[in-house]
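S.K.: Chains as they are written, first to last, in the working numbering: chain F, 1 to 200; chain W, 1001 to 1200.
Glycine residues also receive a C-beta, built at the ideal position from the N, C-alpha and C atoms.
2 protein chains.
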Amino acid sequence: MTGRNRQESDKENLRQEIMDAAREMFVAEGYANVSMRKVARQIGYSATTIYLYFKDKNDIVQQICEQTFARLAQNIKSIQQLSDNPLEKLRSGMREYVYFGLKHPSQYEIVFITPLPIKTETAFEETNGRVAFDTMRSVVNECIAAKLLKTNDGELVSQTLWAGIHGITSILIQHGGFPFVEREKLIDSVIETLITGIKA
Amino acid sequence: MTGRNRQESDKENLRQEIMDAAREMFVAEGYANVSMRKVARQIGYSATTIYLYFKDKNDIVQQICEQTFARLAQNIKSIQQLSDNPLEKLRSGMREYVYFGLKHPSQYEIVFITPLPIKTETAFEETNGRVAFDTMRSVVNECIAAKLLKTNDGELVSQTLWAGIHGITSILIQHGGFPFVEREKLIDSVIETLITGIKA
DNA sequence: CAATATAACTTAACACTGTTATTTTATTTC
DNA sequence: GAAATAAAATAACAGTGTTAAGTTATATTG
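1) Listed in chain order, which residues of the segment 132–165 of chain F have Cβ atoms closer than 9 Å to some Cβ of chain W?
2) Can you list, in chain order, the residues of its chain whose CB lies under 8 Å from that of F:E66, leaving out five sequence neighbours each side?
3) F:T196 lies in the alpha helix (DSSP H); which residues open and close that run?
4) Provide the residue span of the alpha helix (DSSP H) that contains F:Q81, from first to last.
5) Mind the definition here: the segment 1069–1085 of chain W touches the segment 1150–1166 of chain W only if three or more C-beta pairs lie below 8 Å; say whether that holds.
6) I'd like to know whether the C-beta of W:S1189 is nearer than 7 Å to at least one C-beta of chain F.
7) Would W:R1183 be called buried (16 or more neighbouring beta carbons within 10 Å of its own) or exposed?
8) Cβ of F:V27 less than 7 Å from any chain W Cβ?
9) Can you have a look at F:R23 and say buried or exposed, based on whether 16 or more other CB atoms are within 10 angstroms of its CB?
10) Pull up the distance between the alpha-carbon of F:I171 and that of W:A1163, whole angstroms please.
11) Does W:I1171 have its Cβ less than 7 Å from a Cβ in chain F?
12) If I'm right that W:T1160 touches F:T196 with Cβ under 8 Å, what's the distance once you round it to whole angstroms?
13) Does the Cβ of W:T1048 have 16 or more other Cβ atoms within 10 Å, making it buried, or fewer, making it exposed?
14) Since F:G93 contacts F:Q74 with CB under 8 Å, what's their CB separation in whole angstroms?
15) Answer yes or no: do F:I50 and F:M19 have a C-beta to C-beta separation smaller than 7 Å?
16) Apart from the five residues on each side of it in sequence, which residues of its chain come closer than 6 Å, Cβ to Cβ, to F:G101?
17) Could you tell me whether any Cβ in chain F is nearer than 7 Å to the Cβ of W:G1197?
18) Short of 6 Å in beta carbon distance, which residues of its chain neighbour F:V140, apart from the five on each side in sequence? Order them along the chain.
19) Spatial neighbours of F:A40 within its chain, please: C-beta separation below 7 Å, excluding the five flanking residues on both sides.
20) If contact means a Cβ-Cβ distance below 8 Å, which residues of the segment 61–84 of chain F contact chain W?
21) Taking all protein chains shown into account, do 16 or more other C-beta atoms lie within 10 angstroms of the C-beta of W:L1052, making it buried, or fewer, making it exposed?
22) If you measure between the beta carbons of F:S106 and F:F180, is that distance less than 7 Å?
23) Taking the alpha-carbon positions, what's the W:I1191 to W:R1095 distance?
24) According to DSSP, is W:L1148 part of a helix, a strand, or is it coil?
25) Quick check: what's the CA-CA separation for W:S1189 versus F:I165?
26) Mark F:K55 as exposed unless 16 or more other C-beta atoms lie within 10 angstroms of its C-beta, in which case mark it buried.
27) Can you tell me whether DSSP reads W:H1166 as helix, strand or coil?
28) Could you name the residues of the same chain whose beta carbon sits closer than 7 Å to that of W:E1008, not counting the 5 residues immediately before and after it, in chain order?
29) State yes or no: is the C-beta of W:V1098 within less than 7 Å of the C-beta of W:I1187?
30) For chain W, is any of its Cβ atoms less than 7 Å away from the one on F:T127?
31) DSSP three-state label for W:D1059, please.
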């Protein structure tokens, strides 16, 4: 009983309580190093109780991801109210994507980095990660409509940009030992290089 | 004794035999789903024998990474004898990197994609990965010397380019149900976008 | 050749893991 | 109150990485 007092915890919110504890522990210690028993101990329940709220360990992280990426999609969307310049929207959306990934490295790893066979059956199509990508693509289409880009192939440009920002995000998350130049400078460089590369 | 006949296997090559088996299994089933006992069964030895050749499970994957890094570095180096134009060297080096990844997806996945649960203690400075990266950076420096780029920060440019080509490579390898545009077209788009973005 | 030293390998065991089946406890309903 | 149901806990299974100790094969020496 090292965690919160179960008396005061609203039982209907136990599911969320599990997710919160698990998320913090996944981030702090890594998915593989967090056991069901550890999570259970943290919230003051037995390990098997978790199975009343989640199918298995992977389901926990999957639900965390959906919640987190719903927020990413939301963030990217709301950021775009702040400007009228489509290219500026694109820039800030890309920045939001990268910094969101760095802020939630465990979730990013599981959704975008971890090889498929390990993941759950749900396809990328149905995830909030897909929603985030679609938002970015619509901004790209705005840029094309404004004749700001050198090509009309919105899908190609969107995937090109996504490849770039996914690259810098995943590299910064995974290869922490690499002697990178200053982080923010590198992120800016990637984004500016990409935007310069697609501009008309 | 499901694996190779241990009689015919050269004992001095047992270390390599372990690495080969482990690499294939890591990629096929994921690092977490491959146990020491599985690897041992595959090669026809007991699990503990592996500990005579590797410190622990993580060490196996670490050694696999070093081998792959070495081959990539070799390939990128030899490619650059084929041209005198620094920008063209850069382009072909990047292409080699991406296609190396696509040609050896198993090795690339292990080195650059598969999330490793435990952080590496060995400094990046001492790895073959550093050699591969340095090769690319030296070409970037050639471009700078020829005043072909808009900046003099070779380190920044190199890391920017690496982020981009790693992004497209890892995304294509995982091809997780995402409706990509034609593969070669997308690769060209990423590389040309990056090069256009850094050119003077 | 026999005795010994050493290398290669295996067996047994420990403290864990995710997960399931079963059993207990608490809460609601009649 | 008793019966029904929901919530949680215990016990157990098959598996994990890893270590310590024991065994077998090979090489070295006298």
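M.R.: Looking at the coordinates:
1) F133, K150, T151, D153, E155, L156, V157, Q159, T160, L161, W162, A163, G164, I165
2) If the five residues before and after F:E66 are omitted, its C-beta is found closer than 8 Å to the C-beta atoms of T127, N128, all from its own chain and listed in chain order.
3) Here the alpha helix (DSSP H) through F:T196 covers 183–198.
4) Counting along the chain, F:Q81 falls outside any alpha helix (DSSP H), and DSSP gives it neither H nor E.
5) Not touching, per the Cβ criterion.
6) yes
7) exposed
8) For F:V27, the answer is no, since every Cβ of chain W falls outside 7 Å of its Cβ.
9) buried
10) 7 Å
11) yes
12) So it is not a contact: roughly 11 Å between Cβ atoms.
13) exposed
14) So it is not a contact: roughly 12 Å between Cβ atoms.
15) No, they are not a contact pair.
16) Y108, T169
17) Answer yes: the Cβ-Cβ gap between W:G1197 and chain F drops below 7 Å somewhere.
18) G154, V157, S158
19) Here the set comprises S46, A47, T49, I50.
20) If the cut-off is 8 Å between Cβ atoms, the segment 61–84 of chain F has nothing near chain W.
21) exposed
22) no
23) Annotation: W:I1191 to W:R1095 spans about 8 Å, alpha carbon to alpha carbon.
24) coil
25) For W:S1189 and F:I165, the distance between alpha carbons rounds to 14 Å.
26) exposed
27) helix
28) For W:E1008, the predicted structure reports a pLDDT of 42, less than 50, and the residue's modelled location is therefore unreliable. A value from the coordinates is still provided. Taking C-beta separations shorter than 7 Å and ignoring five residues to either side along the sequence, W:E1008 has no partners in its chain.
29) The answer is yes: Cβ separation under 7 Å.
30) For F:T127, no Cβ of chain W is located within less than 7 Å of the residue's own Cβ.
31) W:D1059: helix per DSSP, three-state reduction.
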